[in-house]
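Asks: Have a look at this one before I ask anything.
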Amino acid sequence: MRPLTDEETKTMFEKLSKYIGENIKLLVDRPDGTYCFRLHNDRVYYVSEKILKLATNVTRDKLVSLGTCFGKFTKTQKFRLHVTALDYLAPYAKYKVWVKPGAEQSFLYGNHVLKSGLGRITENTAQYQGVIVYSMADVPLGFGVAAKSTQECRKLDPMQIVVFHQADVGEYIRHEETLI
Amino acid sequence: MAAPTAEQALAQVEKDEAEKLKLITVHKELELQFDLGNLLAIDPNPPDGKAFRQQNRAQFLCSLARDNTQLLINQLWTLPTQRVQECVVATLPEPTTRIPREKPVPKPRAPTRWEEFAKLKGIQKKKKTNLVWDEVHKEWRRRWGYKRAKDDTKDWVIEVPHTADPNQDQFAKRVNAKKERVAKNELNRLRNLARADKGKVPGVGLTPTSQPSKDQLGKAMQVAKRSTASVGRFQDKLPKEKDPKNMGKKRKFQPLVGDFKAEKSKQLEILKILDSKKPKMDITRAVNRQMREEDAEEAAKRRKSSKKGRGGGGKGRGGPKKGKGKAPARGGKGKGKGKRK
Chain A
2 MRPLTDEETK
12 TMFEKLSKYI
22 GENIKLLVDR
32 PDGTYCFRLH
42 NDRVYYVSEK
52 ILKLATNVTR
62 DKLVSLGTCF
72 GKFTKTQKFR
82 LHVTALDYLA
92 PYAKYKVWVK
102 PGAEQSFLYG
112 NHVLKSGLGR
122 ITENTAQYQG
132 VIVYSMADVP
142 LGFGVAAKST
152 QECRKLDPMQ
162 IVVFHQADVG
172 EYIRHEETLI
Chain B
447 MAAPTAEQAL
457 AQVEKDEAEK
467 LKLITVHKEL
477 ELQFDLGNLL
487 AIDPNPPDGK
497 AFRQQNRAQF
507 LCSLARDNTQ
517 LLINQLWTLP
527 TQRVQECVVA
537 TLPEPTTRIP
547 REKPVPKPRA
557 PTRWEEFAKL
567 KGIQKKKKTN
577 LVWDEVHKEW
587 RRRWGYKRAK
597 DDTKDWVIEV
607 PHTADPNQDQ
617 FAKRVNAKKE
627 RVAKNELNRL
637 RNLARADKGK
647 VPGVGLTPTS
657 QPSKDQLGKA
667 MQVAKRSTAS
677 VGRFQDKLPK
687 EKDPKNMGKK
697 RKFQPLVGDF
707 KAEKSKQLEI
717 LKILDSKKPK
727 MDITRAVNRQ
737 MREEDAEEAA
747 KRRKSSKKGR
757 GGGGKGRGGP
767 KKGKGKAPAR
777 GGKGKGKGKR
787 K
């Protein structure tokens with residue numbers, strides 16, 4: 002376990018900013034205590050100072066997880082967000098997509114969101130913008146990338162992809178072993 | 447009593463004889479092939495499948511093996527024998543069956559660095575004659591080794607070159623040069639071996655060279671400086687000495703539980719830089735906005751024209767009202783959908 006280097010922090014922030022924009026500041030600078038990012042086994046954990054200090058007592062090879070896993074660094078030093086980060090992304094999301102109840106299950110099985118399943122979308126969403134996917138009851142289901150801008154979405158066929166799937170809460174069951 | 451016993455004995459002996467003969471003679475339809483050098487017998491007869499299935503299998507195989515071994519031993523007895531220390535020993539002929547070798551074929555030696563280079567450049571090996579004409583001794587002498595032609599180690603006098611230091615021992619210089627060449631050759635040999643074994647290639651930066659360059663000298667100095675018991679930790683530095691370049695960098699991380707405030711401020715700084723790098727005008731957003739405005743304009747125009755059209759028709763008060771009622775409803779529906787998207 003170690004703090005992130007500047008390079009790593011930058012790549013991670015760049016990825017996070019696609020979903021929550023400048024709201025990362027609210028994650029870094031919190032009024033309710035000190036929180037920090039720590040790297041362990043190539044995964045980035047968002048931990049409170051208190052938990053971190055407790056975790057220092059656990060040996061490196063025995064430590065499985067701590068705090069909230071935000072994602073991991075690939076071997077080519079790219080950052081991948083995990084669905085576990087959803088709890089922190091959802092409240093600060095800038096661009097949202099609401100999925101109709103009928104298409105909820107399909108999304109939770111790892112499929113892309115089609116136009117037919119699109120309930121609502123934030124105005125001004127650009128193409129390839131990171132979006133958080135909600136159910137119509139405003140429950141965050143996952144996140145992805147907008148395949149089309151809001152304007153283009155209007156003229157689409159019902160079977161065309163609107164949001165590319167990246168992560169969904171179904172992974173808690175589907176990828177139980179690999180998801181930490 | 448005696449006669450029948452004698453007869454019986456004779457019969458018994460005959461029977462025994464026959465039994466013995468039966469034991470050592472085996473009948474086979476096809477002759478066995480023998481390779482006595484390897485003590486090998488090959489039975490080309492097909493095994494009796496029926497008997498194999500009916501009899502006890504182990505017993506059948508055992509008897510077959512015994513018969514064939516008997517034949518092999520019979521064959522051995524035909525060989526010339528001699529007695530060595532109360533043992534009868536047969537001299538075996540040369541084996542005829544070729545047996546595959548136990549170990550894999552040795553791999554060809556990996557090419558040396560020179561061989562690789564020569565192959566790349568297409569340099570062929572030229573066979574030189576072993577003997578060369580020696581002008582001094584007026585005879586043919588070996589090119590190399592003891593009593594070679596033009597042997598410069600046997601010179602009793604050496605001319606001092608103009609550029610050389612007059613006090614330098616030219617004989618010692620030659621001997622040194624030779625020693626260095628030998629050392630360099632040995633090093634290269636070791637390096638070739640290491641390269642072939644994919645091991646660690648020895649001697650980085652300190653190969654003997656006649657005219658070392660500035661870089662090589664610098665490297666040699668760095669290596670010499672670190673070759674102390676304390677890995678050069680207490681070695682003095684020259685006043686303007688620079689740190690060596692490309693000596694490997696160690697990764698250093700911030701402490702795990704360190705200054706959280708500094709960490710936070712650093713991250714905020716990074717965020718600030720990231721923010722400043724974003725373009726002020728987002729082109730896609732601008733285009734989208736333009737598209738949206740155009741859409742809205744078009745929709746407004748259509749609404750107006752439809753209004754006018756209906757108005758122009760002029761079917762009295764009821765008509766336009768009906769039309770008006772219908773048109774906004776449709777428009778509203780479309781708009782609602784659009785906004786939702």
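Which chain is which? The protein sequence lines are A and B, in order. Be aware that the first sequence starts at 2, since it is given in this note's numbering, and climbs by one per residue. Be aware that the second sequence starts at 447, since it is given in this note's numbering, and climbs by one per residue. Backbone N, C-alpha and C fix where the C-beta goes; we use that ideal spot for every residue, glycine too. Being a predicted model, the structure only gives us computed values, none of them experimental.
With 8 Å as the threshold, decide whether the Cβ of residue 624 (chain B) is near any Cβ in chain A.
Replies: Counting from one through the second sequence, the residue named residue 624 (chain B) turns up at place 178. Chain A, which has no Cβ nearer than 8 Å to the Cβ of residue 624 (chain B), makes this no.
Asks: Got a sec? Which residues, its chain only, sit under 8 Å from residue 128 (chain A) by beta carbon, not counting five neighbours each side?
Replies: Counting from one through the first sequence, the residue named residue 128 (chain A) turns up at place 127. The answer, listed in chain order, is 147, 148, 149, 150, 153.
Asks: State the beta-bridge partners of residue 136 (chain A) as determined by DSSP.
Replies: Working through the first sequence from its first residue, we reach residue 136 (chain A) at position 135. Answer is A:100, bridged to residue 136 (chain A).
Asks: Based on Cα-Cα distance, which residue from A:126, A:157, A:56 lies nearest to residue 728 (chain B)?
Replies: What you label residue 728 (chain B) is simply residue 282 of the second sequence in a count that begins at 1. The shortest C-alpha separation from residue 728 (chain B) is found at A:126.
Asks: So with CB distances below 7 Å, who are the chain B contacts of residue 152 (chain A)?
Replies: Counting from one through the first sequence, the residue named residue 152 (chain A) turns up at place 151. Chain B residues near residue 152 (chain A): 734, 737, 738.
Asks: Determine whether the Cβ of residue 721 (chain B) lies closer than 8 Å to any Cβ atom of chain A.
Replies: Residue 721 (chain B) sits at position 275 when you count from the first residue of the second sequence. So yes, residue 721 (chain B) belongs to the interface.
Asks: Output yes or no for whether 8 Å exceeds the beta carbon distance between residue 60 (chain A) and residue 70 (chain A).
Replies: Looking up residue 60 (chain A) in the first sequence gives position 59. Looking up residue 70 (chain A) in the first sequence gives position 69. At a Cβ-Cβ threshold of 8 Å, residue 60 (chain A) and residue 70 (chain A) do not count as neighbours.
Asks: Thinking just about the alpha-carbon of each residue, which of A:81, A:99, A:65, A:41 is nearest to the one in residue 132 (chain A)?
Replies: Taking the first sequence and counting its residues from 1, one reaches residue 132 (chain A) at position 131. Measuring from the Cα of residue 132 (chain A), the nearest candidate turns out to be A:99.
Asks: Can you tell me the Cα-Cα spacing of residue 525 (chain B) and residue 462 (chain B), whole angstroms?
Replies: In the second sequence, residue 525 (chain B) corresponds to position 79, counting from 1. In the second sequence, residue 462 (chain B) corresponds to position 16, counting from 1. Rounded to the nearest angstrom, the two C-alpha atoms are 26 Å apart.
Asks: For the segment 63 to 80 of chain A against the segment 36 to 48 of chain A, do three or more pairs of beta-carbon atoms, one drawn from each stretch, fall closer than 8 Å, so that the two count as touching?
Replies: yes
Asks: Residue 668 (chain B) lies in the alpha helix (DSSP H); which residues open and close that run?
Replies: Taking the second sequence and counting its residues from 1, one reaches residue 668 (chain B) at position 222. Looking at the DSSP string, the run of the alpha helix (DSSP H) that includes residue 668 (chain B) is 660 to 672.
Asks: Would you mind stating whether residue 104 (chain A) and residue 117 (chain A) have Cβ atoms separated by less than 8 Å?
Replies: Residue mapping note: residue 104 (chain A) aligns to position 103 of the first sequence, counting from 1. Residue mapping note: residue 117 (chain A) aligns to position 116 of the first sequence, counting from 1. Cβ distance < 8 Å, so residue 104 (chain A) and residue 117 (chain A) count as in contact.
Asks: Would you grab the beta carbon distance between residue 538 (chain B) and residue 486 (chain B) for me? Rounded to a whole angstrom, and I think it's under 8 Å.
Replies: Walking along the second sequence from the start, residue 538 (chain B) turns up at place 92. Walking along the second sequence from the start, residue 486 (chain B) turns up at place 40. Their Cβ separation, rounded to whole angstroms, is 11 Å, which puts residue 538 (chain B) and residue 486 (chain B) out of contact at 8 Å.
Asks: For residue 709 (chain B), decide whether its Cβ has a neighbour in chain A, counting only Cβ atoms nearer than 8 Å.
Replies: Taking the second sequence and counting its residues from 1, the one referred to as residue 709 (chain B) is at position 263. Yes, because at least one Cβ of chain A sits closer than 8 Å to the Cβ of residue 709 (chain B).
Asks: State the Cα-Cα distance for the pair residue 765 (chain B) and residue 93 (chain A), rounded to the nearest angstrom.
Replies: If you number the second sequence from 1, residue 765 (chain B) lands on position 319. If you number the first sequence from 1, residue 93 (chain A) lands on position 92. Summary for residue 765 (chain B): the model assigns pLDDT 40, below 50, so the residue's position carries little reliability; its value from the coordinates is reported in the next sentence. Distance between the alpha carbons of residue 765 (chain B) and residue 93 (chain A) is about 52 Å.
Asks: With a cut-off of 8 Å, does the C-beta of residue 705 (chain B) fall near any C-beta of chain A?
Replies: One-based indexing of the second sequence puts residue 705 (chain B) at position 259. Not closer than 8 Å to any Cβ of chain A, the Cβ of residue 705 (chain B) fails to qualify, so no.
Asks: With DSSP run on the structure shown, which of helix, strand or coil describes residue 174 (chain A)?
Replies: In the first sequence, residue 174 (chain A) corresponds to position 173, counting from 1. If DSSP states are grouped into helix, strand and coil, residue 174 (chain A) belongs with the helices.
Asks: Quick one: does residue 749 (chain B) have its CB under 8 Å from some CB of chain A?
Replies: Counting from one through the second sequence, the residue named residue 749 (chain B) turns up at place 303. No - not a single Cβ of chain A is within 8 Å of the one on residue 749 (chain B).
Asks: Taking the straight line between their C-alpha atoms, what separation do you get for residue 563 (chain B) and residue 165 (chain A)?
Replies: In the second sequence, residue 563 (chain B) corresponds to position 117, counting from 1. In the first sequence, residue 165 (chain A) corresponds to position 164, counting from 1. Looking at the two C-alpha atoms, the distance is approximately 54 Å.
Asks: The alpha helix (DSSP H) spanning residue 559 (chain B) covers which residue range?
Replies: Indexing the second sequence from 1 puts residue 559 (chain B) at position 113. Counting along the chain, the alpha helix (DSSP H) containing residue 559 (chain B) begins and ends at 559 to 567.
Asks: Three-state secondary structure (DSSP) at residue 464 (chain B)?
Replies: The residue you call residue 464 (chain B) lines up with position 18 of the second sequence. Residue 464 (chain B): helix per DSSP, three-state reduction.
Asks: Take the Cβ of residue 91 (chain A) as the centre, count every other Cβ of all protein chains shown within 10 Å, and call the residue buried at 16 or more, exposed below.
Replies: Here residue 91 (chain A) refers to the residue found at position 90 of the first sequence. Per the 10 Å Cβ criterion, buried.
Asks: Curious, which full-length beta strand (DSSP E) runs of at least 3 residues does the segment 575 to 599 of chain B contain?
Replies: 577 to 580, 585 to 588
Asks: What does residue 609 (chain B) reach in chain A if we use C-beta pairs closer than 7 Å?
Replies: Translated into the one-based positions of the second sequence, residue 609 (chain B) becomes position 163. Residues of chain A passing the Cβ test: none, with the nearest at roughly 56 Å.
Asks: Where does residue 89 (chain A) fall in DSSP's three states?
Replies: Position 88 of the first sequence, counting from 1, holds the residue named residue 89 (chain A). If DSSP states are grouped into helix, strand and coil, residue 89 (chain A) belongs with the helices.
Asks: Relative to the C-alpha of residue 77 (chain A), which candidate in A:144, A:19, A:8 has its C-alpha closest?
Replies: For the purposes of this step, residue 77 (chain A) is taken as the residue at position 76 of the first sequence. Of A:144, A:19, A:8, the residue nearest in Cα terms is A:8.
Asks: At 7 Å on the CB atoms, spell out the chain B contacts of residue 2 (chain A), in chain order.
Replies: The count along the first sequence starts at 1 and reaches residue 2 (chain A) at position 1. Under a criterion of Cβ atoms nearer than 7 Å, the residues of chain B adjacent to residue 2 (chain A) are, in order, 702.
Asks: Do residue 82 (chain A) and residue 16 (chain A) have their C-beta atoms within less than 8 Å of each other?
Replies: On the first sequence, residue 82 (chain A) is found 81 positions in, with the first residue counted as 1. On the first sequence, residue 16 (chain A) is found 15 positions in, with the first residue counted as 1. For residue 82 (chain A) and residue 16 (chain A), yes; Cβs fall inside 8 Å.
Asks: Could you check whether the segment 664 to 676 of chain B touches the segment 574 to 589 of chain B, counting it as contact only if at least three pairs of C-beta atoms, one from each stretch, sit closer than 8 Å?
Replies: By the Cβ criterion, the segment 664 to 676 of chain B is not in contact with the segment 574 to 589 of chain B, since fewer than three pairs of Cβ atoms, one from each stretch, lie closer than 8 Å.
Asks: Between residue 33 (chain A) and chain B, is there a C-beta pair that is closer than 8 Å?
Replies: Within the first sequence, the letter at position 32 stands for residue 33 (chain A). No, no contact with chain B.
Asks: For residue 20 (chain A), which three-state DSSP category applies?
Replies: Translated into positions along the first sequence, residue 20 (chain A) becomes position 19. Helix.
Asks: Select from A:11, A:111, A:181, A:34 the residue whose C-alpha is nearest the C-alpha of residue 707 (chain B).
Replies: Taking the first residue of the second sequence as 1, we reach residue 707 (chain B) at position 261. Ranking A:11, A:111, A:181, A:34 by Cα distance to residue 707 (chain B) puts A:34 first.
Asks: Which of the three DSSP states, helix, strand or coil, is assigned to residue 163 (chain A)?
Replies: Taking the first sequence and counting its residues from 1, the one referred to as residue 163 (chain A) is at position 162. If DSSP states are grouped into helix, strand and coil, residue 163 (chain A) belongs with the strands.
Asks: Helix or strand or just coil, what does DSSP make of residue 181 (chain A)?
Replies: Locating residue 181 (chain A) in the first sequence gives position 180, counting from the first residue. Note: residue 181 (chain A) maps to coil in three-state DSSP.
Asks: Indicate whether at least one CB of chain B lies closer than 8 Å to the CB of residue 25 (chain A).
Replies: Your numbering for residue 25 (chain A) matches position 24 in the first sequence. Taking Cβ atoms only, chain B reaches closer than 8 Å to residue 25 (chain A), which makes this a yes.
Asks: Does residue 10 (chain A) pass the burial test, meaning 16 or more other C-beta atoms within 10 Å, or should it be called exposed?
Replies: Numbered from its first residue, the first sequence carries residue 10 (chain A) at position 9. Classification of residue 10 (chain A): buried, given that the 10 Å Cβ count is 16 or more.
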